[in-house]
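Everything below concerns the one structure shown next.
Residue numbers (the numbering used here): 203 to 765.
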């Protein structure tokens with residue numbers, strides 16, 4: 203018996219179709235266009251994996267992978283266990299390496315392209331769907347965070363797995379597909395918490411609505427809904443609880459506090475989220491216009507309504523973005539919405555474009571020129587993405603700690619100490635050097651300036667002192683994306699690499715006293731706003747040397763200049 207929609211006996215409210223009208227005639231040749239998009243996306247993802255430096259969060263994510271303790275691996279990342287476990291397995295099997303440690307997200311993203319190609323062909327979008335897939339395969343946002351060792355590509359892949367196996371269950375009714383539905387649903391909350399939770403909740407709603415509208419037979423609609431509910435109960439709630447323990451105070455669902463957050467949340471949303479989306483997705487105004495148009499045009503609106511899988515994919519990132527701004531108790535300036543979180547918007551945007559283009563192409567009123575316009579929009583979007591795509595693949599978008607490690611290894615004697623900082627205004631987080639064991643053999647050679655506030659003994663003895671500054675800081679005289687190479691009195695610039703600058707003393711600087719000289723010179727160069735931490739670190743060292751009066755003068759001078 204067919205598992206497609208059963209037509210109702212009257213034409214008053216006709217059933218919603220499970221697929222779009224067929225796209226332009228393909229004779230099966232569209233499969234090569236889909237394959238070309240998948241292959242192109244795979245090449246771009248692999249190249250980006252190799253060429254982009256590790257982000258600090260990636261290095262933190264990978265830090266416990268070498269452990270032989272499952273407990274250490276799953277508890278050391280502040281993430282659900284599936285992604286770190288898979289990453290650790292790959293590292294244990296293949297070792298450490300730039301591409302090897304990004305293999306899990308890279309493979310997941312490539313498989314996402316494959317599954318989306320299958321889905322677009324299955325719902326009959328033909329060459330139009332293939333064009334939409336090409337846009338996704340070359341979208342800088344998708345390519346960059348497909349090569350990112352954090353749980354973004356993996357949960358999106360599992361969402362597509364769930365959709366595909368559920369679609370197969372709805373079509374065939376075979377129990378084997380339902381077993382796969384259960385496995386995919388259970389794995390989703392184990393890969394990431396926010397988006398998969400919303401995704402599964404929306405799946406339940408979509409199945410119930412499909413059953414009520416007789417779009418899907420109840421005997422086929424209920425099992426996926428029940429499976430999604432059980433997955434939320436058995437793995438979703440434990441993961442939500444675990445995340446709340448690891449990140450206390452991150453979310454505040456109290457309705458009263460939601461009202462209090464509304465003005466600030468709205469300001470964050472309009473001034474933070476929307477501009478970020480504009481930078482992340484080329485031709486953002488056009489993209490927004492196409493999405494709005496897709497819901498205005500009756501044919502594309504009906505198509506989207508018939509695609510039960512569209513709504514869970516679209517609801518997941520939308521709900522997360524709204525919760526981030528209106529439910530998070532963390533100040534947006536302290537923890538802004540990251541570009542990588544927008545990664546989940548890519549597939550629903552592509553599905554919307556495919557639905558609109560397919561509706562226009564197959565309209566009875568569609569002229570040759572109208573169809574040419576559809577092709578031009580696709581071609582223009584592809585072309586507009588190329589500059590940002592080239593930058594994504596070839597230009598580092600984060601500080602390259604491998605380059606910083608090379609500076610230290612090449613220019614700093616083995617027994618000397620490097621004081622490292624990424625300066626920032628008061629209240630900002632000063633990042634420590636990332637990837638000690640990966641890039642520098644002896645992590646004791648690198649001391650974060652912030653460590654000296656409480657551990658002045660880190661520079662005890664007579665080791666020589668060097669300064670390493672990460673230019674990816676905010677405020678003058680910093681310039682994100684370039685090395686910080688401003689003059690530091692009494693110190694000479696040895697070399698720069700990526701965003702890092704290494705300084706050596708013009709005269710001998712040893713131990714705590716030499717560190718004080720370097721920190722004070724750096725404080726003067728940075729100014730009171732960015733150099734406050736350096737000043738307080740120098741004060742801590744002076745106190746450790748018993749120089750109470752000198753320590754007091756540093757603080758007095760700092761506040762005198764700072765007003």
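We treat Cβ as the ideally placed atom computed from N, Cα and C, and that holds for glycine.
Other residues of its chain near residue i: CB distance less than 8 Å, five sequence neighbours each side excluded
i	result
residue 336	235, 238, 239, 242, 580 and 584
residue 600	254, 255, 256, 257, 258 and 674
residue 628	731 and 734
residue 225	Only weak support is given to the placement of residue 225: the predicted model assigns it a pLDDT of 44, under 50, and the value that follows is read from those uncertain coordinates. 232, 326, 327, 328, 329, 330, 331, 560, 563 and 564, listed in sequence order.
residue 211	Low local confidence applies: a pLDDT of 41 at residue 211 is under 50, so the model's placement there is unreliable, and no value is given.
residue 652	623, 632, 634, 735 and 739
residue 377	none
residue 647	610, 614, 616, 618, 619 and 620
For residue i, the residue or residues it bridges with in DSSP
i	result
residue 295	Looking at the DSSP assignment, residue 295 forms no beta bridge with any residue, so it has no partner.
residue 669	621 and 705
residue 690	693
residue 495	Bridge partners of residue 495: none, in fact.
residue 712	666
Contact belief for residue i with residue j at Cβ below 8 Å, rounded distance in angstroms
i	j	result
residue 609	residue 699	5 Å
residue 513	residue 404	6 Å
residue 388	residue 444	Not a contact, Cβ separation roughly 15 Å.
residue 721	residue 697	Between residue 697 and residue 721 the Cβ distance is about 21 Å, and since that is not below 8 Å, they are no contact.
residue 742	residue 654	6 Å
residue 586	residue 484	4 Å
residue 248	residue 301	7 Å
residue 360	residue 393	6 Å
residue 497	residue 503	5 Å
residue 476	residue 558	Actually they are not in contact, since the Cβ atoms of residue 476 and residue 558 sit about 21 Å apart, beyond 8 Å.
residue 390	residue 398	4 Å
residue 402	residue 375	Not quite, the Cβ-Cβ distance comes to about 22 Å (not below 8 Å), so this is no contact.
residue 661	residue 642	That belief does not hold up - the Cβ atoms of residue 661 and residue 642 are roughly 17 Å apart, past 8 Å.
residue 351	residue 246	With 8 Å as the limit, residue 351 and residue 246 do not qualify as a contact, their Cβ atoms being about 17 Å apart.
Span of the alpha helix (DSSP H), counted from its first residue to its last, around residue i
i	result
residue 395	From DSSP, residue 395 is part of no alpha helix (DSSP H); its letter is neither H nor E.
residue 559	548-563
residue 425	420-433
residue 593	570-596
residue 500	500-508
residue 306	305-324
residue 347	342-348
residue 250	232-253
residue 750	750-764
residue 257	Taken as a continuous stretch (DSSP letters only), residue 257 belongs to no alpha helix (DSSP H), as it is neither H nor E.
residue 539	Taken as a continuous stretch (DSSP letters only), residue 539 belongs to no alpha helix (DSSP H), as it is neither H nor E.
residue 366	355-374
Host beta strand (DSSP E) of residue i (start-end)
i	result
residue 702	702-707
residue 694	693-699
residue 650	648-650
Residues of its chain near residue i, where Cβ-Cβ distance is below 6 Å and the 5 sequence neighbours each way are ignored
i	result
residue 747	714
residue 216	Here the model assigns residue 216 a pLDDT of 39, short of 50, so the residue's position is not dependable, and the following value carries that caveat. The answer is none, since no qualifying residue turns up.
residue 527	467, 470 and 471
residue 644	none
residue 727	688 and 690
residue 756	737, 740 and 741
residue 549	515
residue 671	686 and 703
residue 480	486
Proximity test, residue i beta-carbon vs the ligand ZN heavy atom, cut-off 8 Å
i	result
residue 538	This structure simply doesn't include the ligand ZN, nor any ligand for that matter.
7 Å Cβ shell around residue i - same chain, five flanking residues per side excluded
i	result
residue 724	669, 690, 733 and 736
residue 366	317, 320 and 321
residue 250	345, 346, 349, 594 and 595
residue 719	692 and 711
residue 705	668, 669, 690, 693, 694, 695 and 696
residue 489	483 and 551
residue 279	263, 266 and 286
residue 753	741, 744 and 745
residue 420	413
residue 460	528 and 529
residue 678	Residue confidence for residue 678 is low, a pLDDT of 49 falling below 50, so the modelled location carries little weight; the figure read from the coordinates is stated next. Here the set comprises nothing.
residue 538	474
contact_flag[the stretch 424-432, the stretch 382-389] where n(CB pairs < 8 Å) is 3 or more: yes
The stretch 538-555 / the stretch 331-351 touching (three or more Cβ pairs under 8 Å): yes
Inter-stretch contact at 8 Å, needing at least 3 Cβ pairs: the stretch 309-327 / the stretch 266-277: no
Touching by the beta-carbon criterion (3+ pairs, under 8 Å), the stretch 269-284 and the stretch 298-307: no
Inter-stretch contact at 8 Å, needing at least 3 Cβ pairs: the stretch 360-370 / the stretch 336-345: no
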